[in-house]
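S.K.: Residue 33 in UniProt numbering sits at position 33 of the sequence shown, and the numbers go up by one each step.
Don't be surprised by glycine CBs; every beta carbon is placed ideally from N, CA and C.
The structure under discussion is supplied below as structure tokens; questions concerning it will follow.
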Amino acid sequence: MATMVSVDVGAQSGRVALGRFDGETLSVAEIHRFPNVPVCVHGTLHWDALRLHDGILQGLRAAAREAGGRIDSVGVDTWGLDFALLDRAGRLVQNPVHHRDRRTDGAMEEVFARVPAQELYERTGIQLMSINSVFQLWSMAAAGDPALEVAETFLMMPDLFHYWLSGVKACEFTAATTSQCFDPRKGVWALDVLERLGVSSRLFPEVVPPGTVLGPVRDEVVEETRLQGAVVVAPASHDTGSAVAAVPFRHPGSAYISSGTWSLVGVEVAAPVIDDRTFSANLTNEGGVGGTFRLLRNVTGLWLLHECRRAWALEGREWEFAELVAMAEQAPPPRSFIDPNEPAFLPPGDMPARIREFCVRTGQEAPAEPAVVVRCVLESLALKYRQTIGLLDAATGVAPAEIHVVGGGAMNRPLCQWTADATGLPVIAGPVEAAEIGNLAVQAMALGELASLDEAREVVRNSFSPAVYEPHDRGPWEDAYGRFDALVQAPATRPEPLVGGRGVIEPAQR
């Protein structure tokens, strides 16, 4: 029996889960949850990294008590893009800055003046988004930020927590690839590109593959948590990388949607797909487990609903997320659609008003009642998924046989059914806690309990039962897609400021 702990830190909360693998099935139990609240200081939006580390330590203590002190390993996954800087003594230079901070406003155009957009894409294979790490680093270099001047080590967010747990400074592959600072074809940092942007190559440490045993838990952490004998494993430390590792694919070439605050719509490929088609479609190539890559596109997801819910709560109309979804099921089909990737929907704010403004601006009827707004969002997401899967089909030449939905969206029954209806493909929904499951599965691989990613997915199939949604009532959806596609043209080389991983407000059901 292998006993492992996964730490999955999202943008609203972190979760610590205890996993046990008996050689055939994997069980997962959430042990501890802690909040993740960004903090704005002097106009800069930060992550509170020290508070997050304390939440991790509390969870590890609880896991050690639950397991009677017998823990074999621990691994952390988080969102992508954001990073920490350490000084020469290994101390945090400043709290990491949030990707939604306004420091990257205008950064893309300035970077492209030095490294043309297509060249940057050719070197990194990553979707052009203003919040990518490369644009954050450029904004610091251009401003002469003293934090960048004194820094000695760059670590992605999960790497920071692994360093605090193990004392080892290394960047894990799946998280590193999200930065747009990494060359996936050469398997190294794109240091020459970074030097052209004024970012020192000295910052970037070794990149290690998912499933690397970084080392034993540090003595001070053992004293704090009682994790005697445990090792720190770098899983697929980008949360979407862990989530996709847990997708129980039934047919090669099937699509997946890692659905939460953001929807990552993609397919798994054996090598990066970087060409004119993927550049024009603004598709991204993120590292996966076992030498795989995730060819995908970011689609704004349930962030839209959570911001709507927050706006209505400020007006005194409070609903649980599940209540809004139930209301949408009873609402009439919308006469209007939105583009979920509209840049105006990116920042926090009055999302219902922004949705109405989009509809008016595009000559559509503005949805007024909350139930209609929610249904408009969910159906627009389903149609956007169809459009995105079409881009992936064109890029790979492989039409998916079905769609796997993992994460919190797997519990959203109307979204899953409407996705099946909109695409004409069966939707396999689950597992919900895919990031934790994938994290644990990769740890089991590192411990020698599982031999391969295929074997890990077989364990997932044996351990968790998905829900299946078959497409029906296709006629109205064909008409709806025609209207949606005319309204929301598939992107050409239009960079969109979206996020890989998860955004500011993380739903309880991801």
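Determine the closest residue to residue 529 out of Leu304, Asp145, Val134, Leu45, with distance taken between C-alpha atoms.
M.R.: As shown, the chain starts at 1 and ends at 510. That puts residue 529 outside it, with no answer to give.
S.K.: Any chance you could list the alpha helix (DSSP H) runs of at least 4 consecutive residues sitting entirely within the region 444 to 499, in chain order?
M.R.: DSSP runs (the alpha helix (DSSP H)) wholly in the region 444 to 499: 453 to 463, 474 to 487.
S.K.: Report yes if the C-beta of His46 is less than 7 angstroms from at least one heavy atom of the ligand FAD; otherwise report no.
M.R.: Inclusion of the ligand FAD in the displayed structure is not the case, the ligand content being empty and no account of it being possible.
S.K.: Does the distance from the C-beta atom of Val377 to that of Met327 stay below 8 angstroms?
M.R.: No; because the gap between Cβ atoms is not below 8 angstroms, this pair is not in contact.
S.K.: Does DSSP put His404 in a helix, in a strand, or in coil?
M.R.: DSSP places His404 in strand when its eight states are reduced to three.
S.K.: What residues are listed by DSSP as bridge partners for Gly75?
M.R.: According to DSSP, which records beta bridges pairwise, Gly75 is partnered with Ser6.
S.K.: In three-state DSSP terms, what is Pro343?
M.R.: Pro343 falls in the helix class under three-state DSSP.
S.K.: From the DSSP output, in three-state form, read off Glu292 for me.
M.R.: A quick correction: the sequence has Thr, not Glu, at residue 292. Coil.
S.K.: Answer with buried or exposed for residue 518, where buried requires no fewer than 16 other C-beta atoms within 10 angstroms of its C-beta.
M.R.: Residue 518 lies beyond the range of the chain shown here (1 to 510); nothing can be said about it.
S.K.: Considering just the uninterrupted stretch of the beta strand (DSSP E) at Ile257, what are its terminal residues?
M.R.: Note, Ile257: beta strand (DSSP E), 255 to 259.
S.K.: Is the region 244 to 259 touching the region 88 to 99, taking contact as three or more C-beta pairs under 8 angstroms?
M.R.: Taking 8 angstroms as the limit for Cβ pairs, the verdict is that the region 88 to 99 does not touch the region 244 to 259.
S.K.: Who are the near neighbours of Val233 in its chain, counting only those whose CB is closer than 6 angstroms to its CB and skipping five residues on each side?
M.R.: Contacts found: Ser73, Gly75, Val213, Gln443, Ala446.
S.K.: Just reading off the alpha helix (DSSP H) that Glu220 is part of, what are its end residues?
M.R.: Unbroken alpha helix (DSSP H) run through Glu220: 219 to 225.
S.K.: What whole-angstrom Cβ distance do Gly260 and Gly287 have, given they're in contact under 8 angstroms?
M.R.: Contact doesn't hold; Cβ gap of about 20 angstroms is too wide.
S.K.: Would you report the Cα separation of Val37 and Val5, rounded to the nearest angstrom?
M.R.: So the alpha carbons of these two residues sit roughly 23 angstroms apart.
S.K.: When the Cα atoms are used, what is the spatial distance from residue 514 to Phe34?
M.R.: For the chain, the structure presents residues 1 to 510; residue 514 sits outside this window and is missing.
S.K.: Can the beta-carbon of Ile437 be found closer than 8 angstroms to that of Glu402?
M.R.: No, the Cβ-Cβ distance between Ile437 and Glu402 is not below 8 angstroms.
S.K.: For Pro352, which residues of its own chain have a beta-carbon under 8 angstroms away from its beta-carbon, when the five flanking residues on both sides are left out?
M.R.: Closer than 8 angstroms at Cβ, skipping near neighbours: Cys308, Ala311, Trp312, Pro370, Val373.
S.K.: Taking the runs of the alpha helix (DSSP H) that are 4 residues or longer, which of them lie wholly in the region 10 to 93?
M.R.: DSSP runs (the alpha helix (DSSP H)) wholly in the region 10 to 93: 49 to 66.
S.K.: Among residues of its own chain, excluding the 5 on either side of Pro471, which ones have a beta-carbon nearer than 6 angstroms to its beta-carbon?
M.R.: Ala420, Asp421, Gly424.
S.K.: Compute the distance between the beta-carbons of Phe204 and Trp189, then report whether it is under 8 angstroms.
M.R.: Result yes, Cβ atoms of Phe204 and Trp189 sit closer than 8 angstroms.
S.K.: Just the Cα atoms here: how many angstroms apart are Glu449 and Ala467?
M.R.: If you take the alpha carbons of Glu449 and Ala467, they lie about 28 angstroms apart.
S.K.: Using the Cβ count rule (16 or more neighbours within 10 Å means buried), how would you classify Pro507?
M.R.: At Pro507, the pLDDT of 28 sits below 50, so the modelled position is not reliable and the matter cannot be decided from this model.
S.K.: Should Cys416 be labelled buried (16 or more other beta-carbon atoms within 10 Å of its own) or exposed?
M.R.: Per the 10 Å Cβ criterion, buried.
S.K.: Are the CB atoms of Pro334 and Ala379 within a distance shorter than 8 angstroms?
M.R.: A quick correction: the sequence has Glu, not Ala, at residue 379. It is a contact, given that the beta carbons lie within the stated cut-off.
S.K.: Inspect the beta-carbon positions of Ala84 and Ala49 and report whether they are closer than 8 angstroms.
M.R.: It is a contact, given that the beta carbons lie within the stated cut-off.
S.K.: Who are the Cβ neighbours of Gly290 in its own chain at under 6 angstroms, not counting the five residues just before and after it?
M.R.: For Gly290, where only same-chain residues beyond five positions count, the Cβ hits under 6 angstroms are Leu453.
S.K.: Mapping the DSSP letters down to three states, classify Glu266 as helix, strand or coil.
M.R.: One point to set straight first is that residue 266 is Gly, not Glu, in the sequence displayed. Strand at Gly266.
S.K.: If you draw a straight line from the alpha carbon of Ile274 to that of Ala344, how long is it in whole angstroms?
M.R.: Their backbone Cα atoms lie some 28 angstroms apart in a straight line.
S.K.: Here's the rule I'm using: 16 or more other beta-carbon atoms within 10 Å means buried, otherwise exposed. How should His32 be labelled?
M.R.: Buried, because 16 or more other Cβ atoms sit within 10 Å of the Cβ of His32.
S.K.: Helix, strand or coil, according to DSSP, for Ala326 in the structure here?
M.R.: Of the three classes helix, strand and coil, the one that applies to Ala326 here is helix, per DSSP.
S.K.: Can you tell me which of the three DSSP states His98 falls into?
M.R.: His98 falls in the coil class under three-state DSSP.
S.K.: Under a three-way DSSP split, which group does Gly241 fall into?
M.R.: Gly241: helix per DSSP, three-state reduction.
S.K.: Does the region 218 to 233 come into contact with the region 58 to 71, if we say contact requires no fewer than three beta-carbon pairs (one atom in each stretch) closer than 8 angstroms?
M.R.: Contact between the region 218 to 233 and the region 58 to 71 is present, because at least three Cβ pairs lie under 8 angstroms.
S.K.: Let's test the definition: count the other Cβ atoms within 10 Å of the Cβ of Gln489 and tell me whether it reaches 16, buried, or not, exposed.
M.R.: With fewer than 16 Cβ atoms within 10 Å of its Cβ, Gln489 is classed as exposed.
S.K.: May I have the straight-line CA-CA distance separating Thr44 from Arg114, to the nearest angstrom?
M.R.: Cα to Cα, Thr44 sits roughly 26 angstroms from Arg114.
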